[in-house]
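Let me begin by presenting the structure, written as structure tokens, before commenting on it.
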Amino acid sequence: MREIYLDNSATTRCFPEVVHLMDRICLEEYGNPSSLHHKGVEAEAHLREAKQIFAQILRCSPENIYFTSCGTESDNISLIGSALANQRRGKHIVTTRIEHPAILETAHFLQQQGFEVTYLDVDSNGIVDPQAVADAVRPDTILVSVMHTNNEIGALEPIAQIGEAIKRKNPDTLFHVDAVQGFGKAVIHPRSMHIDLLSASGHKIHAPKGVGLLYIGDGVKIRSILFGGGQQKGMRSGTENVAGIAGMALAAKMLYDRFDEEMDRLYGMKEFFVSEVQTMEGVHVNGLTGRASAPHVISLSIDGVRAEVLLHALEEKGIYVSSGSACSSNRPHISDTLLAIGTPKQYLDSTIRISTSVMNTREDLQAAADALRELLPFLRKYTRQ
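Note that the sequence shown covers residues 730 to 1114 in my numbering.
What follows is the structure, given as structure tokens:
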């Protein structure tokens, strides 16, 4: 049975080239980059090269690039670090109701520390209005955090317009963007988009788990929340994951070297799959489609079938999808995103997510569509008995 993996928003398979590079580093160039001997110099060279790669992609200085253990850590440093560093100027933070738990849970923590957080609504497609963001910004607003790409329905937020609106209202307010789902599938240039802080993660772009990226803009006032040996200019202490960082940089380079071609292909596959499922009775696509949405995320609400039941039925056919955000799938929780976009109650536990990558093909999506067409009538009949 052929395996069809369509849960790439949860994690991706590593590029073979990334694995080979990491294997070489782990076995041959394994020095500590803080060491002064040759092995250390070899390791440090990988970090410098990785910074150059990311700086070129983001059109920034290598000095703006920091490495973390994951997107969640990058989000935590951005929110907590900037809140602590700027609290004398104000204690007000703005975010949206559809953010990843790495943002929402951190915002809740900051509220417990005496910060005030405004949670903005989104429209039925999961889009936040830039004017609503600007209206929420006050003289004491120190930070706004808005995700680039929603991980559940693929909503693309108008980041450049939001950044411009924030800076027009209060130039001192910092703008953080959680780009964990967007990096690798969108062109993101922080300086021109008024982004002060940006988070990304390796395992979403065909690199390993356990490595993340944090962009910190020039002059951004932020405090470290991890203390130790003072690596990375004291911002993120701890011996760097050299193999993971080098692997993430290589994966990013591979994606952006073929960006236009691969994004055209991903959007084509998405358009094909959406057209297939829209012919099926009782299947509803959440959010926008086409180029107004992310190229790799498709959210389907399905009449009369629980998501968990459908997920396992597809799994028996070798097709792997998600019933929501895998980052919190081990904890029963109604989706904040589905609630925020006004999803009818009967669909809150009947929604699945299909998420593709550059490793998928049109044939994969044809097989998934065929499986849905076969399974749904049977599962509905079984559910009604």
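Ideal Cβ positions, reconstructed from N, Cα and C, are used throughout, including at glycine.
The stretch 988-1051 contains, as complete beta strand (DSSP E) runs of 3+ residues, the segments 1012-1015, 1026-1031 (chain order). Ranked by Cα distance from A1098, the first of L1043, Y1076, T1080, H1025 is L1043. In terms of Cβ geometry, L903 and L872 form a close pair [threshold 8 angstroms].
If you compare the alpha carbons of S953, R994, G959, A1100 with that of E802, the shortest gap goes to S953.
Per DSSP, the continuous alpha helix (DSSP H) segment holding M977 begins and ends at 971-986. Distance from the Cα of G913 is smallest, within the candidate group S1086, R753, E1010, N899, for S1086. Here A929 is bridged, per DSSP, to L942. M751 sits close to A972, with the two beta carbons spaced by under 8 angstroms. For H918, there is no enclosing beta strand (DSSP E), as DSSP gives it neither H nor E. Rounded to whole angstroms, the separation of the alpha carbons of P762 and A772 is 5 angstroms. In the three-state DSSP reduction, L1077 falls in the coil class, being neither helix nor strand. At the C-beta level, I951 and G810 come within 8 angstroms of one another.
Going by DSSP, M876 is part of the beta strand (DSSP E) stretching over 870-876.
In its chain, beyond the 5 residues on either side, E732, I733, Y734, L735, D736, L1043 have a beta carbon closer than 8 angstroms to the beta carbon of Y1049. Taking C-alpha positions only, E828 is separated from H767 by approximately 44 angstroms. Distance from the CA atom of E991 to the CA atom of L984, rounded to whole angstroms, is 8 angstroms. Using a Cβ-Cβ distance cut-off of 8 angstroms, the stretch 888-902 and the stretch 825-842 are not in contact, since fewer than three pairs of beta carbons, one from each stretch, lie closer than that value.
Here DSSP, grouped into helix, strand and coil, assigns R753 to helix. Inclusion of V1012 and L1039 in the CB contact set at 8 angstroms is not warranted, their separation being larger than that value. If you keep only unbroken beta strand (DSSP E) runs of at least 3 residues inside the stretch 812-841, you get 821-825. Annotation: the continuous beta strand (DSSP E) that includes V906 extends over 903-907. L1105 has its alpha-carbon roughly 49 angstroms from the corresponding atom of R965. Counting along the chain, no alpha helix (DSSP H) covers E758, and no H or E run does either.
Straight across, the Cα-Cα distance linking I945 with H923 is about 12 angstroms. Taking the Cα of N970 as reference, the smallest distance to any Cα among Q785, Q781, Y795 is reached at Y795.
Between A980 and Y1111, the alpha-carbon positions lie close to 44 angstroms from each other. Sequence-distant Cβ neighbours of T741 in its own chain, meaning closer than 7 angstroms and more than five residues away, are H932, K933, I934, H935, S1086. In the three-state DSSP reduction, R742 falls in the coil class, being neither helix nor strand. Scanning its chain for C-beta atoms nearer than 8 angstroms, with the 5 sequence neighbours on each side dropped, one finds around R920 the residues R788, C789, G946, in chain order. Collapsing the DSSP output to three states places S1084 in a strand.
Per DSSP, the continuous alpha helix (DSSP H) segment holding V770 begins and ends at 767-787. The C-beta of L1068 has fewer than 16 other C-beta atoms within 10 Å across all chains shown, which makes the residue exposed. Residues I733 of the same chain have their beta carbon placed closer than 6 angstroms to that of D1093, with the five preceding and five following residues left out of the count. Contact between I1070 and V851 holds: their C-beta atoms lie close to 6 angstroms from each other, under 8 angstroms. Between R1109 and V1034, the beta carbon gap of about 6 angstroms places them in contact (Cβ cut-off 8 angstroms). In the structure shown, the three-state DSSP call for A865 is helix.
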